[in-house]
Structures are given as C-alpha cells and as structure tokens.
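Input: a single structure, listed below in structure tokens.
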Amino acid sequence: MKKWIVFLVLFVVAIIGMLIKVYFSSVEPVKAAEQKAVTLANKEVQMKEVQDFHIYNGLETINVIEGKNKKGEKIIVWIPDKSKKVIVKKAKNGLSKEEAIQKLLQEKKPKKIISVRLGMEKNIPLWEIYYRSENNLINYYYVHFETGEWLKKIENL
C-alpha cells in the first residue's frame with residue numbers, strides 16, 4: 004500500500020512539474036516581445052513605468068505598451084512588428100477605455116462586453132471592443148483612439 008501512495012505522489016508531482024514548465028515556456032515569447040518593445044519605446048520616449056503590455060493581431064501585429072513617461076504622464080506606445088516605427092500618444096489626447104465603451108453603448112446594446120483593448124490598423128490607433136450580442140453572436144466594434152469616430156464593425160460571427 005505504501006508503494007502505491009509513494010508512486011501516486013511522485014506521479015502527481017511530475018504532472019505538476021510538467022504543467023509548470025509548459026506554462027513558463029508558453030509565456031516566454033510574450034515576455035521577450037515585451038522586453039524588445041520596451042527597448043524600442045525607450046529610444047523614442049523615456050518610460051518611467053510600464054503598466055500594461057499586449058500584442059494586438061489585426062491586419063498586422065502591433066505591440067502596445069501603456070505606461071508613464073519621466074514626467075509621470077500616461078502614455079500609450081504602438082510598435083508595428085514589421086516596421087518597428089514607434090508611435091507615442093499621450094493618453095489624455097485620446098479616448099479612455101470607458102469613453103470607448105460609451106461610444107459602443109450609444110449605438111449598440113451588447114449582452115456582454117468580453118474585452119476592450121488598444122490596437123492599430125493602417126497606422127490609425129484604435130480601441131477594439133469585442134462583445135456578444137443578445138443572440139449570443141460575436142461582434143467587434145472599432146473606435147478611433149483620438150477622435151472617437153466609429154471605424155468599422157464586424158458583426159454576427
């Protein structure tokens with residue numbers, strides 16, 4: 004009986020170890036992309052703090068960094084993967100996440116908003132709002148970051 008318990012404990016520990024290794028292996032490319040993006044961003048603007056990083060996959064892959072510059076101002080940095088051209092905007096010069104959601108709510112009645120994130124398409128900074136409609140279909144709504152204008156919709160997927 005003791006052999007079975009020892010075997011079971013070792014088996015569980017081995018499975019947990021493998022799951023941890025898989026997790027860290029899957030996160031590694033995103034961390035590497037973040038380090039590279041922050042290095043490129045620091046060449047254009049001195050970043051004091053990085054608050055958020057994500058990869059936007061639209062027409063092309065864009066690295067998006069939200070943070071603060073040396074003056075403590077909130078900034079957003081977009082870096083297209085291909086061109087590596089760094090685009091920096093002050094957060095106060097564009098729509099906030101809440102304002103982008105309000106633009107959607109003025110026009111649509113979403114059942115559930117799944118995610119709201121910054122992105123860029125054709126060199127236009129934007130908010131991508133991913134939501135489910137009443138009939139539980141997937142929808143995307145794109146709002147211009149600076150003007151708040153509707154850019155495009157992808158509905159009923």
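Numbering (our numbering), first residue to last: 4 to 160.
Glycine is no exception: its CB is placed at the ideal position from the N, C-alpha and C atoms.
Here the structure is a predicted model, which is why all the values come from computation and not from measurement.
| Item | Value |
| --- | --- |
| Cβ neighbours of residue 149 in the same chain (closer than 8 Å, five flanking residues each side left out) | 92, 96, 97, 98, 128 |
| For residue 132 and residue 103, believed in contact at Cβ under 8 Å, the rounded distance | 6 Å |
| For residue 144 and residue 108, believed in contact at Cβ under 8 Å, the rounded distance | At roughly 10 Å, the Cβ-Cβ gap does not stay under 8 Å, so residue 108 and residue 144 are not in contact. |
| Whole-number beta carbon distance between residue 68 and residue 35, since they are thought to touch under 8 Å | Actually they are not in contact, since the Cβ atoms of residue 35 and residue 68 sit about 14 Å apart, beyond 8 Å. |
| For residue 110, the first and last residue of its enclosing beta strand (DSSP E) | Premise fails: residue 110 lies in the alpha helix (DSSP H), 100-110, not in any beta strand (DSSP E). |
| One or two residues paired with residue 21 in a DSSP bridge | Answer is none; residue 21 lacks a bridge partner. |
| Run of the beta strand (DSSP E) containing residue 118, from where it starts to where it stops | 115-124 |
| Inter-residue Cα distance where the pair is residue 153 and residue 60 | 19 Å |
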